[in-house]
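The opening position of the sequence shown corresponds to residue 1 in full-length UniProt numbering, with each subsequent residue numbered one higher.
Glycine included, C-beta positions come from ideal geometry on N, C-alpha and C.
No experiment lies behind these values; they were computed from the predicted model shown.
Worksheet for the structure shown next.
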Amino acid sequence: MAGNAVQVTEDGGTSTVDLNSATITDYDKAQLTDVAVGNCVSVVAKPAPGGPATAISVALNPPAGDGKCPQPKPAAAGSPDAPGPNQPFTVVGTVASVAGDTIDVADTDANGNPSQTGVTATDKTTYVKGVSADSEAVAQGKCITARGTLDGGGTLQATFVSVAPVNAKGQCPPPHAK
Numbered sequence: 001m002a003g004n005a006v007q008v009t010e011d012g013g014t015s016t017v018d019l020n021s022a023t024i025t026d027y028d029k030a031q032l033t034d035v036a037v038g039n040c041v042s043v044v045a046k047p048a049p050g051g052p053a054t055a056i057s058v059a060l061n062p063p064a065g066d067g068k069c070p071q072p073k074p075a076a077a078g079s080p081d082a083p084g085p086n087q088p089f090t091v092v093g094t095v096a097s098v099a100g101d102t103i104d105v106a107d108t109d110a111n112g113n114p115s116q117t118g119v120t121a122t123d124k125t126t127y128v129k130g131v132s133a134d135s136e137a138v139a140q141g142k143c144i145t146a147r148g149t150l151d152g153g154g155t156l157q158a159t160f161v162s163v164a165p166v167n168a169k170g171q172c173p174p175p176h177a178k
């Protein structure tokens with residue numbers, strides 16, 4: 001890391017990411033007992049016939065600067081961004097309740113209306129917990145996911161960066177909350 005710029009190794013080679021204006025979130029392992037009412041979450045789930053969806057992964061995210069949970073723009077049903085039937089989908093919102101292995105998330109439906117989505121955690125559900133961080137969290141050997149715009153020199157001027165440890169296989173996990 002030089003100043004606020006880091007060199008990132010990826011499948012296609014090396015890229016430079018400038019962290020100067022980035023919001024940085026540092027993720028670490030968590031568990032179901034870390035999930036609590038009021039948490040901001042991003043849950044990747046798969047539909048389950050005749051019951052609540054099954055949680056594949058749960059990311060506990062820090063609230064936005066205004067103290068509220070970030071809400072993505074919902075994808076309208078049938079749009080290219082909407083998941084197909086029986087496809088994994090993402091629920092982003094605030095934990096409304098946790099009862100046993102069931103997590104209810106207050107979110108927004110495809111029409112922009114308040115909604116609540118229930119998911120069931122299993123022993124295969126993975127959990128991460130993110131905290132707001134500064135550039136010190138970005139270190140050699142950690143995984144980063146960055147979003148932003150490319151400048152004329154090919155450097156990504158990051159607006160958002162998530163930092164995570166490598167998984168048990170020594171690989172970087174898929175990107176986190178958007």
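By the neighbour-count criterion, in which 16 or more other beta carbons inside 10 Å mark a residue as buried, A22 falls on the buried side. D11 has its alpha-carbon roughly 24 Å from the corresponding atom of S57. Counting other Cβ atoms within 10 Å of its Cβ, K169 stays below 16 and is therefore classed as exposed.
Inclusion of V161 and L19 in the CB contact set at 9 Å is warranted, their separation being smaller than that value.
The alpha carbon of T33 has as its nearest neighbour, out of T125, D66 and G65, the alpha carbon of T125. Look at the beta carbons and you see the stretch 94-103 touching the stretch 35-44: at least three pairs across the two are nearer than 8 Å. The continuous beta strand (DSSP E) containing E10 extends over residues A5 to E10. When C-alpha distances from G93 are compared across A164, P62 and D123, the shortest belongs to P62.
Apart from sequence neighbours up to five positions away, the residues of its chain that approach S135 with a beta-carbon distance below 7 Å are N4, L19 and I24, ordered along the chain.
As the crow flies, the alpha-carbon of A30 is around 16 Å from that of T102.
Distance check between A106 and each of R147, C69 and T120 places C69 closest, using alpha-carbon atoms only.
With respect to the 9 Å criterion, A45 and V91 are classified as neighbours on the basis of their beta carbons.
Using a 10 angstroms sphere on the CB of D26, the tally of other CB atoms reaches 16 or more, which defines it as buried. Inter-residue distance for D151 and Q140 is about 24 Å (C-alpha atoms, whole angstroms). For S135, the three-state secondary structure derived from DSSP is helix. Just so you know, the alpha carbons of G118 and G153 end up roughly 45 Å apart.
DSSP places D26 in the strand class (E or B) of the three-state scheme.
Of the residues N113, V17 and N86, the one whose Cα lies closest to the Cα of T159 is V17.
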